[in-house]
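Trainee: Listed in order, the protein sequences are those of chains A and B.
Residue numbering for the first sequence follows the numbering used here, starting at 1 and increasing by one per position.
Residue numbering for the second sequence follows the numbering used here, starting at 1 and increasing by one per position.
Glycine included, C-beta positions come from ideal geometry on N, C-alpha and C.
If you scroll down you'll find the structure; I have some questions about it.
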Amino acid sequence: MFGALWSSMPGAVELGLLYALMALGVYITFRILDFPDLTVDGSFTTGGAIAAVLITAGYHPWLATAAAFAGGLAAGALTGLLHAKGKINGLLSGILMMIALYSINLRILGRPNVSLLGMDTIFPRVGKDEKWLLLLVIAVVILIIKLLLDAFLKTDLGLALRATGDNAKMIASFGANTDTTKIIGVSLSNGLVALSGAFIAQQGGFADISMGIGMIVIGLASVIIGEAIFGAKTVFRATLAVVLGSIVYRIVVALALRVEWLESSDVKLITAIIVIIALVLPTASRAWSVRKTARKRSRELAGSEGR
Amino acid sequence: MLRLTNIYKLFNPGSVDEKTALAGINLQLNPGDFVTVIGSNGAGKSTLMNVISGALQPDMGEVVIDGRDVTRMPEFRRSAFIGRVFQDPMAGTAPRMTIEENLAMAWKRGQPRGLKFGVTRRKREFFREQLARLGIGLENRLFAKVGLLSGGERQALSLLMATFTNPRILLLDEHTAALDPARADLITRLTETIVREQKLTTLMVTHNMEQAIRLGNRLIMMDKGRIILDIDSEKKKTLTVERLLGEFEQISGHKLTDDRIVLG
Numbered sequence: 001m002f003g004a005l006w007s008s009m010p011g012a013v014e015l016g017l018l019y020a021l022m023a024l025g026v027y028i029t030f031r032i033l034d035f036p037d038l039t040v041d042g043s044f045t046t047g048g049a050i051a052a053v054l055i056t057a058g059y060h061p062w063l064a065t066a067a068a069f070a071g072g073l074a075a076g077a078l079t080g081l082l083h084a085k086g087k088i089n090g091l092l093s094g095i096l097m098m099i100a101l102y103s104i105n106l107r108i109l110g111r112p113n114v115s116l117l118g119m120d121t122i123f124p125r126v127g128k129d130e131k132w133l134l135l136l137v138i139a140v141v142i143l144i145i146k147l148l149l150d151a152f153l154k155t156d157l158g159l160a161l162r163a164t165g166d167n168a169k170m171i172a173s174f175g176a177n178t179d180t181t182k183i184i185g186v187s188l189s190n191g192l193v194a195l196s197g198a199f200i201a202q203q204g205g206f207a208d209i210s211m212g213i214g215m216i217v218i219g220l221a222s223v224i225i226g227e228a229i230f231g232a233k234t235v236f237r238a239t240l241a242v243v244l245g246s247i248v249y250r251i252v253v254a255l256a257l258r259v260e261w262l263e264s265s266d267v268k269l270i271t272a273i274i275v276i277i278a279l280v281l282p283t284a285s286r287a288w289s290v291r292k293t294a295r296k297r298s299r300e301l302a303g304s305e306g307r
Numbered sequence: 001m002l003r004l005t006n007i008y009k010l011f012n013p014g015s016v017d018e019k020t021a022l023a024g025i026n027l028q029l030n031p032g033d034f035v036t037v038i039g040s041n042g043a044g045k046s047t048l049m050n051v052i053s054g055a056l057q058p059d060m061g062e063v064v065i066d067g068r069d070v071t072r073m074p075e076f077r078r079s080a081f082i083g084r085v086f087q088d089p090m091a092g093t094a095p096r097m098t099i100e101e102n103l104a105m106a107w108k109r110g111q112p113r114g115l116k117f118g119v120t121r122r123k124r125e126f127f128r129e130q131l132a133r134l135g136i137g138l139e140n141r142l143f144a145k146v147g148l149l150s151g152g153e154r155q156a157l158s159l160l161m162a163t164f165t166n167p168r169i170l171l172l173d174e175h176t177a178a179l180d181p182a183r184a185d186l187i188t189r190l191t192e193t194i195v196r197e198q199k200l201t202t203l204m205v206t207h208n209m210e211q212a213i214r215l216g217n218r219l220i221m222m223d224k225g226r227i228i229l230d231i232d233s234e235k236k237k238t239l240t241v242e243r244l245l246g247e248f249e250q251i252s253g254h255k256l257t258d259d260r261i262v263l264g
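As structure tokens, this is what we get:
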């Protein structure tokens, strides 16, 4: 049992790292822009689909991956436009794009499933001994992307983007166009999500029309788990927490799949339950601690008046 | 510097709730003018500020800043010329970002925002010097999240952020009203110093009569969307709260009513 569990760890960490980009995308919309963007479910597939189709057409895998990133940027920009310029509610803008992307993704793929078996991808075929080396390389690549995102969030544009989610009225009063910053943010977010989709398609050896279903919830779970365990005091810490949260999530799923009476199809339910617990617990515990402090202070006040 | 010509602004036009917030405002501010604005509830003071800042567009009339017609210019573009401090201390700063990040955003007022780092070592030193002017120790807390500051500290930071780029116009919208007396006093003193040192053209709405008389070189009084009294610096020197209230009653035909009014 433990042997099997241990041997599944490298796989879980690898998946966690590859999905971490998607989680970073969700972090940008959900935490920074305060905008729950459901485009993710569609744009993840878009990324996988673009990469798979271009690779099967004979393009270089890295070129295909870059094209997937660009496809995600475009999808996100459209959601941002719907929301910022079309004044459509954020949640609805995302849902509309998600549905629209389902058809677009089918058009890109041409059929529900495209296999990459036997094709050259960005992942070299490695023997058992080199698996750890590959894992290390993936970790370094993901960390570089994370550091680039950190740096972007500290530029003048990045600061304006963060302020848009924090106090839009304030940053507008200093001359930033909050419509533009929102569009840039949602676009960048979905670019990262699509990049993650492209990596996952190449790692798994196929792109599937349903590969993005539930992605937003997995992204939220990673963000929330990461913040709960590792904290989010600074930008550097927060994005690191998201990456680690994504890995922890994959490990939890790997563990859950070891439980005998759970089916692999139960994973989405488990994910939803993790997110619900993670969302409810902090609010409930904060309310409880406020009530406790209020009672204690009231008793002190009553006591001092009695004297 | 700032010229308003025949400004009208209606809310809910054509409905039973129609309200004329501004009814033919004409106002000219000369460079370096520090004008205080008083008036009763619903006199249109806040609407006036919003029309100048671009948060609202007037239904009629024009707004000219520095000889440039900005009537139809959106708020975020107009903010290149206008610094503003709101009544709510939470309104002028981003709470989840640090003091230096907030200052960096304010420093870029009206300029394009690109991919250069917002805070550099040189800017950090400059921000430290600027914060020291406030004299409340914020210069030692550059990395603190603004959400951790008290209301007074946040308002002082807002004031610095609104002014340290020398905007053409400074709008102060009852910016001491939400603070306790000691902190309000601090912000008032800082405002006085900053406006004087930087010779900022300033329009300040206040409900504090004594403050309205003591500060600035000119006082205007609003009622029902109109400017009913405009007092220049000569007359202002001999003005008292009683005389001011008396004048208001005489001109408007009713008492100055403002549930938050402070006489002095």
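(1) By alpha-carbon positions, which one of B:Gly-44, B:Gly-14 and B:Asp-17 ends up nearest to Ala-23 (chain B)?
(2) Sorted by chain position, which residues of the same chain lie with C-beta nearer than 8 angstroms to Glu-75 (chain B)'s C-beta, five sequence neighbours on each side aside?
(3) Whole angstroms are fine: how far does the CA of Thr-202 (chain B) sit from the CA of Ala-162 (chain B)?
(4) Show which residues of chain B have a CB atom less than 8 angstroms away from the CB atom of Arg-286 (chain A).
(5) How would you call Leu-117 (chain A), buried or exposed, if buried means at least 16 neighbouring beta carbons within 10 angstroms?
(6) For Ile-95 (chain A), I'd like the list of residues in its chain whose CB is within less than 7 angstroms of its CB, leaving aside the five on either flank, ordered along the chain.
(7) If the cut-off is 9 angstroms on Cβ atoms, which residues from the region 218-231 of chain A count as contacting chain B, listed in chain order?
(8) Within the 7 angstroms Cβ cut-off, does Asp-166 (chain A) reach chain B?
(9) Taking only beta-carbon positions, decide if Phe-308 (chain A) is within less than 7 angstroms of chain B.
(10) Name the DSSP beta bridge partners of Lys-268 (chain A), please?
(11) State yes or no: is the beta carbon of Lys-85 (chain A) nearer than 7 angstroms to at least one beta carbon in chain B?
(12) Using a Cβ cut-off of 7 angstroms, which residues of the region 30-50 of chain B contact any Cβ in chain A, in chain order?
(13) For a contact defined as C-beta to C-beta under 8 angstroms, what are the partners of Gly-118 (chain B) on chain A?
(14) Are the beta-carbon atoms of Arg-78 (chain B) and Thr-165 (chain B) separated by less than 7 angstroms?
(15) Counting only C-beta atoms, is Ala-163 (chain A) closer than 7 angstroms to chain B at any point?
(16) Run down chain A in chain order and give the residues with a C-beta less than 8 angstroms from the C-beta of Thr-93 (chain B).
(17) Who are the near neighbours of Asn-102 (chain B) in its chain, counting only those whose CB is closer than 8 angstroms to its CB and skipping five residues on each side?
(18) How long is the line joining the alpha carbons of Asp-41 (chain A) and Gly-25 (chain A), rounded to whole angstroms?
(19) Which residues, in order along the region 120-134 of chain B, keep a beta-carbon less than 7 angstroms from a beta-carbon of chain A?
(20) Does the Cβ-Cβ distance between Val-217 (chain A) and Thr-181 (chain A) come in under 7 angstroms?
(21) Here's the rule I'm using: 16 or more other beta-carbon atoms within 10 Å means buried, otherwise exposed. How should Pro-124 (chain A) be labelled?
(22) If you drop the 5 nearest sequence neighbours on each side, which residues of the same chain put their C-beta closer than 7 angstroms to that of Leu-149 (chain A)?
(23) Flag this pair as touching only if the region 250-264 of chain A and the region 47-55 of chain A have three or more C-beta atom pairs under 8 angstroms; answer yes or no.
(24) With distances taken between CB atoms, is the gap from Gly-245 (chain A) to Gly-226 (chain A) smaller than 7 angstroms?
(25) For a cutoff of 7 angstroms on Cβ pairs, would you count Lys-101 (chain B) as touching chain A?
(26) Which value, in whole angstroms, describes the spacing of the CA atoms of Ile-224 (chain A) and Val-186 (chain A)?
(27) Throw me the rounded Cβ distance for the Lys-154 (chain A) and Phe-11 (chain B) pair, which I believe falls under 8 angstroms.
(28) Can you find a CB in chain A that lies within less than 7 angstroms of the CB of Leu-115 (chain B)?
(29) Between which two residues does the alpha helix (DSSP H) harbouring Arg-250 (chain A) extend?
(30) With DSSP run on the structure shown, which of helix, strand or coil describes Ile-65 (chain B)?
(31) For Asn-105 (chain A), name the three-state secondary structure that DSSP assigns.
(32) Considering only the alpha carbon of each residue, which of B:Ala-178, B:Leu-2 and B:Glu-192 lies closest to Asp-69 (chain B)?
(33) Helix or strand or just coil, what does DSSP make of Ser-158 (chain B)?
(34) For Met-60 (chain B), which of helix, strand or coil comes out of DSSP?
(35) Please report the straight-line C-alpha distance between Gly-158 (chain A) and Leu-115 (chain B), rounded to a whole angstrom.
(36) Within the same chain, show all residues whose beta-carbon is closer than 8 angstroms to that of Ala-168 (chain A), passing over the 5 residues directly before and after it, in chain order.
Mentor: On the basis of the coordinates in this document:
(1) Looking only at B:Gly-44, B:Gly-14 and B:Asp-17, the smallest Cα-Cα distance to Ala-23 (chain B) is reached by B:Gly-44.
(2) Its chain contains Ser-53, Gly-54 and Ala-55 as the residues whose beta carbon lies nearer than 8 angstroms to that of Glu-75 (chain B), once the 5 sequence neighbours on both sides are disregarded; these appear in chain order.
(3) One C-alpha to the other measures close to 12 angstroms.
(4) Taking the beta carbon of Arg-286 (chain A) as reference, no residue of chain B falls within 8 angstroms; the closest one sits roughly 15 angstroms away.
(5) Exposed, because fewer than 16 other Cβ atoms sit within 10 Å of the Cβ of Leu-117 (chain A).
(6) Only Leu-38 meet the Cβ criterion.
(7) Considering only beta carbons, no part of the region 218-231 of chain A lies closer than 9 angstroms to chain B.
(8) Yes, Asp-166 (chain A) lies at the interface with chain B (some Cβ there is under 7 angstroms from its Cβ).
(9) The structure shown does not extend to residue 308 (chain A), since chain A is modelled only from 1 through 307, so no value can be given for it.
(10) Looking at the DSSP output, Lys-268 (chain A) shares a beta bridge with no other residue.
(11) Not closer than 7 angstroms to any Cβ of chain B, the Cβ of Lys-85 (chain A) fails to qualify, so no.
(12) Among the residues of the region 30-50 of chain B, none has a Cβ less than 7 angstroms away from any Cβ of chain A.
(13) The contacting residues are Lys-154, Thr-155, Asp-156, Gly-158 and Leu-159.
(14) Note that the C-beta distance between Arg-78 (chain B) and Thr-165 (chain B) is not below 7 angstroms.
(15) Under the 7 angstroms criterion on CB atoms, Ala-163 (chain A) is classed as interfacial with respect to chain B.
(16) Using a Cβ-Cβ cut-off of 8 angstroms, Thr-93 (chain B) is close to Asn-167 and Met-170 of chain A, given in chain order.
(17) These residues qualify, in order along the chain: Thr-93, Ala-94, Val-146, Leu-157 and Met-161.
(18) Each residue's Cα considered, the two are about 12 angstroms apart.
(19) Those would be none; no residue qualifies.
(20) No, Cβ-Cβ distance for Val-217 (chain A) and Thr-181 (chain A) is not below 7 angstroms.
(21) By the neighbour-count rule (16 or more Cβ atoms within 10 Å), Pro-124 (chain A) is not buried but exposed.
(22) Excluding sequence neighbours, Leu-149 (chain A) sits near Leu-24 and Thr-239.
(23) The answer is no - the region 47-55 of chain A does not touch the region 250-264 of chain A, with fewer than three Cβ pairs under 8 angstroms.
(24) Yes, these two residues count as a Cβ contact at 7 angstroms.
(25) Looking at the sequence shown, residue 101 (chain B) is not Lys but Glu. At least one chain A Cβ lies under 7 angstroms of Glu-101 (chain B).
(26) So the two alpha carbons sit approximately 19 angstroms from each other.
(27) At roughly 42 angstroms, the Cβ-Cβ gap does not stay under 8 angstroms, so Lys-154 (chain A) and Phe-11 (chain B) are not in contact.
(28) Contact of Leu-115 (chain B) with chain A is assigned, a C-beta pair being separated by under 7 angstroms.
(29) If you look at Arg-250 (chain A), you'll find it in the alpha helix (DSSP H) that goes 235-258.
(30) Ile-65 (chain B) falls in the strand class under three-state DSSP.
(31) In the three-state DSSP reduction, Asn-105 (chain A) falls in the helix class (H, G or I).
(32) Nearest to Asp-69 (chain B) by C-alpha distance, out of B:Ala-178, B:Leu-2 and B:Glu-192, is B:Leu-2.
(33) It is helical.
(34) Annotated three-state conformation of Met-60 (chain B) is strand, per DSSP.
(35) When rounded, the distance between both Cα atoms is 8 angstroms.
(36) Closer than 8 angstroms at Cβ, skipping near neighbours: Thr-178.
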